[in-house]
Amino acid sequence: ACLSDFMTAGDRQAGDLVQVLARDTVDVRQPVHAVYYRNTALAARIECFLAFVEGRLRTMSWNAR
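What follows is the structure, encoded as C-alpha cells:
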C-alpha cells in the first residue's frame with residue numbers, strides 16, 4: 017500500500033507500522049483538495065475548517081519517517 021506520511025506518522029512512531037521495501041519508496045507530493053457544496057448558511061463553518069486544515073498542513077512535519 018502507498019499511504020501518506022501524515023496518515024501513518026503516529027503509527028510508524030509507535031512501531032505499529034514498519035516500512036518495507038525502503039529502496040522502492042518514491043517521494044511524491046500530492047495536492048490536497050477540500051470539496052464542498054457552496055451554501056451561504058455553511059460558509060463561515062467551511063471557511064473556518066479550511067483555515068484550520070491549511071494551518072495544520074503548513075505546520076506538519078512531512079519528514080516524520
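Numbering (our numbering), first residue to last: 17 to 81. Beta carbons are placed, not taken as given, at the ideal position from N, Cα and C, and that holds for glycine.
Tell me which residue opens and which closes the alpha helix (DSSP H) that residue i is part of.
i	result
Cys-18	Neither: Cys-18 is in no alpha helix (DSSP H) and is coded neither H nor E.
Leu-66	59-75
My guess is that residue i and residue j are in contact by the Cβ rule of under 8 Å, so how many angstroms apart are they, rounded?
i	j	result
Val-48	Leu-73	7 Å
Leu-33	Asp-27	4 Å
Original post:
In the region 28-58, which residue ranges form an unbroken beta strand (DSSP E) of at least 3 residues, counting only runs that do not cross its ends?
Top reply: none
Original post:
So does the region 60-76 actually touch the region 33-52, counting three or more Cβ pairs closer than 8 Å?
Top reply: Cβ pair count under 8 Å is three or more, so yes.
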